[in-house]
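Enquirer: The structure's right below; bear with me while I get my questions together.
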Amino acid sequence: MDADNSGNLDASDHQSISHEGSSSSTMETRLCVVGKENGENKELMQALEALKIPVTVSENIKEALQSQTDNVEIVFVCEPFEGEDFELLRKEEQRIIGPPIVHACAREDQPLPYNSRPLYCTIMCNHIVCFTGFRKKEELGRLCNLVHHMGGSIRREFSGRVTQLVANSIHGQKYRAAVSLGTMIMTEEWVTRCWERRNELGATAMDEGMEKYKMMPFHGCHLSFHGFPEEEKKHMEESTEKQGGVPVEASDPRCTHLVVEDSVKELPSGLLEQSHCRAVKQEWFWASIHMDACADESLYHFTATDPYEPATMHNTPVSSRKRKRRKLKDSDLSDLLSPDSPLFHPKRKSGDLLSVSGSLLENSLVSPATPKETPSGTISPLTTPIAPPPKPLTSRQQVAMELLQTERNYVEILTNILKVFKEPLEKEPCGGSIISPEDIKTIFGRLPGILEVHNKIMNELEALLNEWREDKCIGNIISNHADELVKVYPPFVNYFEMTKETVARCDREFPRFHAFLKACLSRPECGRQSLAELLIRPVQRLPSMNLLLSDLLKHTDKKNPDHTALGLAVDSLKNVMTHINEDKRKTEGQVQMFEILRDVDGCPAYVLSSHRVYVTKVDTFELSDTICGKGEAVTIFLFSDSMEVTKRRGLKMMNNVPLPMKSPAARTPQKAYKHVKFMPLSHVRRVVDIRDNEDCQNLFGIIYRCPQEMKEKLLMFRLVGDEINKQEWLQKLTTGLANTACTADTENFLTTVDPQELMLSKSDMSNGTLSRAVRVAKRTTRKVSRALSMNKTPKKAGLLRRTTSSVSPGIRRVPSASPLVPSSRINQGFLKGTRPRSTSVPGAEPMSP
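Under the UniProt record's numbering, the first residue of the sequence shown carries the number 1, and numbering increases by one thereafter.
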C-alpha cells in the first residue's frame, strides 16, 4: 500500500515535543518505571532522581492506571517499546517515554518533554518525513511508528517542508518532486539504522556516516549500454555498480534502461522487444550521477532518426527543422517566379559575400526598389526596377568581418563556459555541492573579467561594421582596451596549468563532477568539446587576434587613417602578450619556489624572496665527502642569486648506477629532499668543467668559500638524468655568477680540466663507495686551489709553503677566481700537470704516483 492511501498517516498529524508548560503546571507529574528489570537499572534510577520527580516501580500496569487521578499525571518509562504492557499503555493513550529521554533531561537539567505519542528518543527530532513507493501496509506502519518513537514527524503529502523522503523506488510523483526541490531521498534502511542507534545519547539522524543510506541514482535499475567503445562501456558499467545499479545485457529480461551513445541514430530491430525497457540518451546516465538522483527519463528519451531526413539534421529540434524546410521551399520559389515578381530574389554567388556577412550587410547594401510611375500616373509592377545586387566586399572589409565573427564566437564560448559549467556548479544541488567553492574559483574565477572586456570589443566592432566605411578605424578599438587586456589576461594565463590540474584532480576524485562534465559534453552549446578544451581558448585568443590585425594592416592603404591606428594596435597587442609571457615566467618561478619550500625537509624560509627567481635544478652524485657524503645523491636548485643544495633521499650510487636504498615502509620520509646548504652565488669563486672521456662523463666542480671561513672548498659532482645536459647547466650557473658579480664575461668563472689531471679514472667512478675518488679529490684540492687562485703566485718557496700549510686535511684553500688571472698561468701550473714546489701538506696523505 502506498503512503498516500495509508490510514496511519495524517497531513496534520505530527509528533509534538515540548517542555511542560503552564497548562500542565496545576497537575502533579509522577514517573512510573515499567518492569522489574528497569527498576533495577542503577543508571536509570540515578537519572530519575536527578529529575526530582516522584518515582514508582510497577510490574502491574493495570493497578498503576487505576491509581491515576485527575490531578495526577503518570509518565511511564518503558523499555522496550513492545510487549503487552507497552501495547496496553499505548491503547490507553498514556504518556510513554524511553530511558534515553530520561538520561538526556537529567544531563541537560531540562524538564520532561510533553509528547502526545510514545517517545523513546529524540534522534529524529525536527525531521519531517514523507514516504513513497511502499505497497505493504504493515511495513509502512512499522516505519511510521519508528519515526514517531524517535521524535520525527510524518506528512502524507509531499511539500517543501519535508526534510527527507523515504522511498522504495525511483518512480512516482513524490520522487520527482523531491528531486526538483533538492530534498534528501533516503532508503528504509536509514529509519532502521536510526532506531538501532536509539540508545546513543546526542545522536542525530544525519550524523556522519548516515549519508550512505541515501537512495542511489540507479536504485533498482538494470542498465544496458549500446554503441559505446569497450573501454567507455566498462567505465560506465563500473559507475553503474557504484551508483546502486546493475549492468546487464540488452537481451536480459531484467533490463530497465538501454543507454544509447549519441552517435547512434537507429537501434537494431528487436533490441527493444521488452516493453519495460526504456531507451535513453547517454546524457541521462551522467545527469543522474551528477544530480545524485535518477533523472526523468522522458527528458532524455531516445528517438530513432527519420531515415528520409538528411544526416546533418539528426540532432536538430523538430521546430527548427520545419523552419529550415520552409526556408528551402521559399528559396525554391525563385526558380519558378519571373524576375519582375516582387517575391523574386536573385541567387547570390558563393564568392560574392562571406557567409558570415550576408545577414549583416544585406539591409545596408541593398536599397529597396522604387516603383516607376507611368505617364497616366499608375504604377506598373512590370516596369518596377530590380534591386541592384549587393556590392562585393573589399579585402579589408572581409578581414574586418572575420575579426568580428571570431570575436563573436569567442564571446559565445566564454558565455557558455560560465552558463553551462560555472553557474550549475555554484548552485547547491540535491546531493550537496559537487566541488568546493575554492576549486570553482580556481577554475572559473578569472573568466568573467575576460568576458567583460571582449563583450565591449565585440559591441564596438559591430557598431563600426554596421556603418562601414573604408576610413573607419578598427585599430583604435583594440588600442583603447589594451590596458584592460593587460589586467585580465595574466591572472588566467599564469595559472592556466593550475586550472588544468584542478579540473583533472576534481574529475579524478569526485565521481559527481566527472558525471557533470560528461553530461555537459553532450550539450550542443559545448560542441562536443570538454571543459579543458574550452578553457584553452583564452590562451589562444590574443595570438589569433594579433594575426588578424596584422592581416588587416596588410590590406589597409598607407594613406588610410586606420593604417597608423592598426600599427599601434598590433604593437599594443604584442606588448600585452610580452607582458603576459614575462609575468607568466615570474609567476611560474615563484610557484616553483613555493613547491621547493614544500618538498625540501628543513628548507629555510628565507629561500623565498621577492627578488629571487627560480632557474633550474640538476640531480647529481657527489664525488667528495665535503658537503653530503661519499656517493650521496645531491639535487641542486639554482636560483638567480643562490643555490639550494639538498640531499635526495632514497638513492645511492652503486657501480656508477643510481639505486634505491632499502628502508622499511614505515620509515619512508614524507619529503623527497633534505636541506643541506643554502649557498649564495656570491660565495662561489669558480666553476670547474671536467672534460668528458670514455671513462668519466658529466663531471663538474664548484669552488666556494663562506665569508666567515678563511678556507675554500672544492665540491665535485657527476650529473645524472636527462633533464638538462652539462653544457646547459654550466652555462646557466656561470651566467648566474656573472650577474651576481655585475659583469658580462661568463668565461672568467669557468675553467676546463682533464680527468687525468684530477687523477680520476673509470675505476673511481665504478667503485661502490667512491672511496678512491674521494681520496683523489682530497689530494688534488690543493693543486686546484693553487691553479685557480686569483692571488699572485708567491715568488719564494717559503711563502708558498706558508700558504699551502694553512690548508687542513679534507678542506683545501682555494683562492677566489679573478678575471685578472690569465689562463696561461693556470695552464703553466695546473693544466700541464706540474707539481708545486711544496709537496708537503700537514696532515695530508702522501700523493700516490
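All C-beta atoms in this analysis are idealised placements derived from N, C-alpha and C, irrespective of residue type, glycine included.
#1: Residue 55 bridges to which residues according to DSSP?
#2: Could you give the distance in angstroms between the alpha-carbon of residue 139 and the alpha-carbon of residue 133?
#3: Count the C-beta pairs between the stretch 190 to 200 and the stretch 241 to 256 that are closer than 8 Å, then say yes if the count reaches three, no if not.
#4: Within 10 angstroms of its Cβ, does residue 205 collect 16 or more other Cβ (buried), or is it exposed?
#5: Within the same chain, show all residues whose beta-carbon is closer than 8 Å to that of residue 161, passing over the 5 residues directly before and after it, in chain order.
#6: Buried or exposed for residue 439, please, with buried defined as at least 16 other CB atoms from any protein chain shown within 10 angstroms of its CB.
#7: I'd like the span of the alpha helix (DSSP H) that includes residue 490, first residue to last.
#8: Count the other C-beta atoms from every protein chain shown that fall within 10 angstroms of the C-beta of residue 281, then say buried if there are 16 or more, exposed otherwise.
#9: Taking the continuous beta strand (DSSP E) assigned at residue 278, which residues delimit it?
#10: Name the residue from 619, 451 and 489 whose alpha carbon lies nearest to the alpha carbon of residue 418.
#11: Could you check whether the stretch 288 to 303 touches the stretch 511 to 526, counting it as contact only if at least three pairs of C-beta atoms, one from each stretch, sit closer than 8 Å?
#12: In chain order, which beta strand (DSSP E) runs of at least 3 residues are fully inside the stretch 32 to 96?
#13: Rounding to the nearest angstrom, what Cα-Cα distance links residue 569 and residue 475 in this structure?
#14: Determine, using beta carbons only, whether residue 90 and residue 97 come nearer to each other than 8 Å.
#15: Label residue 399 either buried or exposed according to how many other C-beta atoms from any shown protein chain fall within 10 Å of its C-beta, with 16 as the threshold for buried.
#16: Give me the Cα-Cα distance between residue 45 and residue 63, rounded to the nearest whole angstrom.
#17: Mind checking which residues open and close the beta strand (DSSP E) that includes residue 186?
#18: Among the residues of its own chain, which have a CB less than 8 Å from the CB of residue 447, if the five just before and after it don't count?
#19: What whole-angstrom Cβ distance do residue 640 and residue 607 have, given they're in contact under 8 Å?
#20: Taking all protein chains shown into account, decide if residue 126 is buried (16 or more other Cβ within 10 angstroms of its Cβ) or exposed.
#21: Can you tell me where the beta strand (DSSP E) with residue 164 in it begins and where it stops?
#22: Please report the straight-line C-alpha distance between residue 507 and residue 514, rounded to a whole angstrom.
#23: List the endpoints of the continuous alpha helix (DSSP H) containing residue 206.
#24: In chain order, what are the residue ranges of uninterrupted beta strand (DSSP E) at least 3 long that sit wholly in the stretch 686 to 731?
#25: In whole angstroms, what separates the C-alpha of residue 222 from that of residue 169?
#26: Among the candidates 632, 648 and 602, whose CA atom is the shortest distance from the CA of residue 617?
#27: Can you tell me the Cβ-Cβ gap for residue 50 and residue 104, rounded? I've got them flagged as a contact below 8 Å.
#28: Taking its Cβ as the centre, do 16 or more other Cβ atoms sit within 10 Å of residue 144, making it buried, or is it exposed?
#29: Got a sec, what are the start and stop residues for the alpha helix (DSSP H) residue 513 sits in?
#30: Applying the 10 Å Cβ sphere with the 16-neighbour rule, what's the burial state of residue 545?
#31: If residue 677 and residue 645 are in contact, beta carbons under 8 Å, what's the gap, nearest whole angstrom?
#32: How big is the Cα-Cα spacing for residue 307 and residue 484?
#33: Are the stretch 595 to 610 and the stretch 571 to 581 in contact at 8 Å, needing three or more beta carbon pairs?
#34: Measuring CA to CA, which of 271, 297 and 88 is closest to residue 226?
#35: At the level of alpha carbons, what is the spacing between residue 747 and residue 685?
#36: Classify residue 119: buried if its beta carbon has 16 or more other beta carbons within 10 angstroms, exposed otherwise.
Expert: On the basis of the data shown:
#1: 31
#2: 11 Å
#3: no
#4: buried
#5: 128 and 155
#6: buried
#7: 482 to 494
#8: buried
#9: 278 to 281
#10: 451
#11: yes
#12: 55 to 58 and 72 to 77
#13: 5 Å
#14: no
#15: buried
#16: 21 Å
#17: 184 to 186
#18: 414, 417, 418, 422, 492 and 538
#19: With a Cβ gap of about 12 Å, residue 640 and residue 607 do not count as contacting.
#20: exposed
#21: 164 to 167
#22: 5 Å
#23: Unbroken run through residue 206: none, as it is neither H nor E.
#24: 699 to 704 and 713 to 720
#25: 13 Å
#26: 648
#27: Actually they do not touch by this definition, with Cβ atoms about 11 Å apart.
#28: buried
#29: 511 to 521
#30: buried
#31: 4 Å
#32: At residue 307 the pLDDT is 44, less than 50, meaning the model places this residue with poor confidence; the figure from the coordinates comes in the next sentence. Between residue 307 and residue 484, the C-alpha separation is close to 52 Å.
#33: no
#34: 271
#35: 13 Å
#36: buried
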